[in-house]
Amino acid sequence: MTEVQGFKLLDIAKDTATISKLKELNAQLYVGITDFSEDRISALKIFKKNGIACHAWLLLPKGEHYWPNAHNGARVLDRFNKFNAWSTKNRLHWQSLTLSLSPYSTDSRIVDNGPISVSKVILKRLISGSVQHNGELNYVRLRSVATQAGYKVFSIISPYQIDAKEVNVDTWKQISGTFDMLNDQEILSIFNYYQEDTPHTLAQIKAYQSGFNQLIIGSANAKKPLSKEDNNRVLTWDELSNYITLARQYDKNIIIYGLEGAIENQLLNKLSLHIVDSKLPNLKLAEEDVLQERENTQVLFTILAHPGWITFALFFIGITFCIALLRTLKLLF
1 MTEVQGFKLL
11 DIAKDTATIS
21 KLKELNAQLY
31 VGITDFSEDR
41 ISALKIFKKN
51 GIACHAWLLL
61 PKGEHYWPNA
71 HNGARVLDRF
81 NKFNAWSTKN
91 RLHWQSLTLS
101 LSPYSTDSRI
111 VDNGPISVSK
121 VILKRLISGS
131 VQHNGELNYV
141 RLRSVATQAG
151 YKVFSIISPY
161 QIDAKEVNVD
171 TWKQISGTFD
181 MLNDQEILSI
191 FNYYQEDTPH
201 TLAQIKAYQS
211 GFNQLIIGSA
221 NAKKPLSKED
231 NNRVLTWDEL
241 SNYITLARQY
251 DKNIIIYGLE
261 GAIENQLLNK
271 LSLHIVDSKL
281 PNLKLAEEDV
291 LQERENTQVL
301 FTILAHPGWI
311 TFALFFIGIT
321 FCIALLRTLK
331 LLF
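Taking UniProt numbering, the leading residue of the sequence shown gets 1, the next gets one more, and so forth.
Now the structure itself:
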């Protein structure tokens with residue numbers, strides 16, 4: 001996957017060595033649609049000429065929060081209409097229309113304000129589902145118009161969404177502003193920086209891979225998306241070879257985030273030479289940790305799925321505390 005601007009994508013497309021490696025790997029590209037430039041059109045036509053299939057990863061301008069969520073569904077729908085008109089005009093063919101639903105862009109600032117702020121926002125979202133409902137309506141419309149235009153819709157989902165589905169609650173969707181979008185195929189996103197080390201990421205892949213054909217397993221870029229912040233776990237060859245070995249056991253395809261980083265770090269070159277499976281580390285302890293984490297997450301989601309009872313319990317505890325405090329003060333004075 002790459003989300004570079006059009007002129008940078010054209011530079012990649014003009015690199016015959018890169019094209020040769022992509023063809024050798026029978027690779028497909030997930031191209032983040034960050035602009036509708038002539039350079040992007042030229043790059044896409046080079047990929048097509050060389051038999052490299054491309055998926056359109058739909059993104060918003062940075063000023064409109066970039067990643068789709070419940071708040072900006074109308075803008076994403078408008079963005080699709082512009083994208084579709086651009087693609088039709090320039091005769092661009094796409095394997096899919098891919099969307100990655102991301103939590104509200106304001107959440108990082110909420111977290112910075114401390115746990116009380118986080119608790120207030122979460123409780124408000126759990127009680128009021130209006131934003132969520134309107135967002136879902138917009139994405140139902142998007143699926144409808146995309147299908148009519150001949151697109152297969154792929155949706156990127158996280159392990160949290162899977163855990164919420166298993167206990168049949170909407171907690172994570174309400175908290176994060178994401179939802180189960182109607183789609184033709186789901187892709188599981190397991191980034192290596194979600195876990196502290198390679199064994200835990202491998203254990204997470206094992207725990208969540210069932211039912212998915214494709215897994216996103218990490219970022220090869222030195223910086224995090226939309227940020228100058230360093231990626232503390234840039235995907236290395238040792239990690240990647242382990243992920244490939246495990247994914248191969250389950251007959252899964254993998255998606256590497258950051259084509260440009262994969263080129264710079266020589267991952268693309270090494271991929272074409274990777275024939276023999278790597279020796280995987282012992283995953284017993286990591287699998288136990290991931291299992292416990294999943295159980296804890298599902299219990300928490302189930303509890304938070306009943307905000308009315310939570311509010312009542314907090315109110316009851318508060319009243320009890322106040323009565324106890326008043327009685328204590330009477331005894332003292």
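Glycine residues also receive a C-beta, built at the ideal position from the N, C-alpha and C atoms.
Closest to residue i by CA distance: which of the options is it?
| i | options | result |
| --- | --- | --- |
| Glu-295 | Pro-68, Ala-164, Glu-64 and Ile-157 | Ala-164 |
| Ser-27 | Gly-6, Arg-40, His-55 and Phe-7 | The question names Ser, but residue 27 is Ala in the sequence shown. Ala-27 has its Cα closest to that of His-55, out of Gly-6, Arg-40, His-55 and Phe-7. |
| Ser-219 | Gly-211, Gln-209 and Asn-232 | Asn-232 |
| Tyr-160 | Gly-135, Asn-192 and Glu-293 | Glu-293 |
| Gln-174 | Leu-304, Ile-12 and Glu-288 | Leu-304 |
| Leu-202 | Leu-182, Asn-242 and Gly-211 | Asn-242 |
| His-65 | Ser-227, Arg-40, Thr-236 and Ala-43 | Ser-227 |
| Tyr-151 | Asp-184, Trp-172, Asp-35 and Trp-86 | Asp-184 |
| Gly-6 | Asp-39, Lys-21 and Thr-16 | Asp-39 |
| Lys-268 | Lys-14, Val-4 and Leu-22 | For clarity, residue 268 is Leu in the given sequence; the question names Lys instead. Looking at the Cα atoms, Leu-22 is the closest of the given residues. |
| Thr-34 | Lys-223, Lys-270, Thr-88 and Leu-59 | Leu-59 |
| Pro-61 | Lys-48, Val-4, Lys-14 and Gln-195 | Val-4 |
| Lys-284 | Gln-266, Lys-223, Thr-198 and Gly-135 | Thr-198 |
| Ala-247 | Gln-209, Gly-135, Ser-176 and Glu-229 | Gln-209 |
| Ser-176 | Arg-141, Lys-224, Gly-135 and Val-276 | Gly-135 |
| Asn-50 | Val-276, Gly-63 and Lys-14 | Lys-14 |
| Tyr-194 | Thr-171, Lys-224 and Val-167 | Lys-224 |
| Leu-29 | Tyr-257, Gln-266 and Asp-230 | Tyr-257 |
Locate the beta strand (DSSP E) running through residue i, then write down its first and last residues.
| i | result |
| --- | --- |
| Glu-186 | 185–189 |
| Leu-9 | First-last for Leu-9: 6–14, but that is the alpha helix (DSSP H), not the beta strand (DSSP E). |
| Thr-98 | 97–100 |
| Ile-156 | 153–157 |
| Trp-57 | 54–58 |
| Leu-215 | 214–219 |
Measure the CB-CB distance between residue i and residue j and report whether it falls below 8 Å.
| i | j | result |
| --- | --- | --- |
| Ile-255 | Ile-216 | yes |
| Ile-205 | Ile-190 | yes |
| Asn-253 | Asn-221 | no |
| Trp-57 | Val-31 | yes |
| Thr-178 | Asn-69 | yes |
| Ser-278 | Glu-24 | no |
| Leu-9 | Thr-2 | yes |
| Phe-297 | Val-169 | What sits at residue 297 in the sequence shown is Thr, not Phe. Not closer than 8 Å, so no. |
| Glu-239 | Asn-282 | no |
| Trp-67 | Phe-36 | no |
| Asn-90 | Ile-41 | yes |
| Gln-95 | Ala-149 | no |
| Val-234 | Gly-211 | no |
| Lys-74 | His-200 | It is Ala, not Lys, that sits at residue 74 in the sequence shown. Going by C-beta atoms, Ala-74 is not nearer than 8 Å to His-200. |
Could you tell me how far apart the beta carbons of residue i and residue j are, in whole angstroms, since I believe they sit closer than 8 Å?
| i | j | result |
| --- | --- | --- |
| Ala-207 | Val-290 | 5 Å |
| Leu-259 | Ile-19 | Going by Cβ atoms, the distance from Leu-259 to Ile-19 rounds to 12 Å, so no, they are not a contact pair. |
| Leu-280 | Thr-236 | Rounded, the Cβ-Cβ distance is 15 Å, inconsistent with contact. |
| Tyr-250 | Met-181 | With 8 Å as the limit, Tyr-250 and Met-181 do not qualify as a contact, their Cβ atoms being about 24 Å apart. |
| Leu-44 | Leu-92 | 6 Å |
Does the CB of residue i have a neighbour CB from chain C at under 8 Å?
| i | result |
| --- | --- |
| Leu-92 | Reference to chain C is not applicable here, since this structure consists of a single protein chain. |
Following the continuous alpha helix (DSSP H) through residue i, name the residue where it begins and the one where it ends.
| i | result |
| --- | --- |
| Asn-269 | 267–273 |
| Val-31 | Counting along the chain, Val-31 falls outside any alpha helix (DSSP H), though it belongs to the beta strand (DSSP E) covering 29–33. |
| Tyr-250 | Careful: Tyr-250 lies outside any alpha helix (DSSP H) and carries neither H nor E. |
| Gln-204 | 198–208 |
| Ser-87 | 73–89 |
| Ser-176 | 171–176 |
| residue 345 | Past the edges of the chain, shown from 1 to 333, lies residue 345, and the structure says nothing about it. |
| Lys-49 | 38–49 |
| Arg-294 | 284–304 |
| Leu-25 | No alpha helix (DSSP H) contains Leu-25, which DSSP labels as neither H nor E. |
| Glu-264 | 259–264 |
Using 8 Å as the threshold, is the segment 74–90 in touch with the segment 136–156, meaning 3 or more CB pairs across them?
Judged by Cβ distances under 8 Å, the segment 74–90 makes contact with the segment 136–156, as three or more pairs qualify.
Count Cβ pairs between the segment 151–165 and the segment 88–99 that sit closer than 8 Å; are there 3 or more?
With three or more CB-CB distances shorter than 8 Å, the segment 151–165 counts as touching the segment 88–99.
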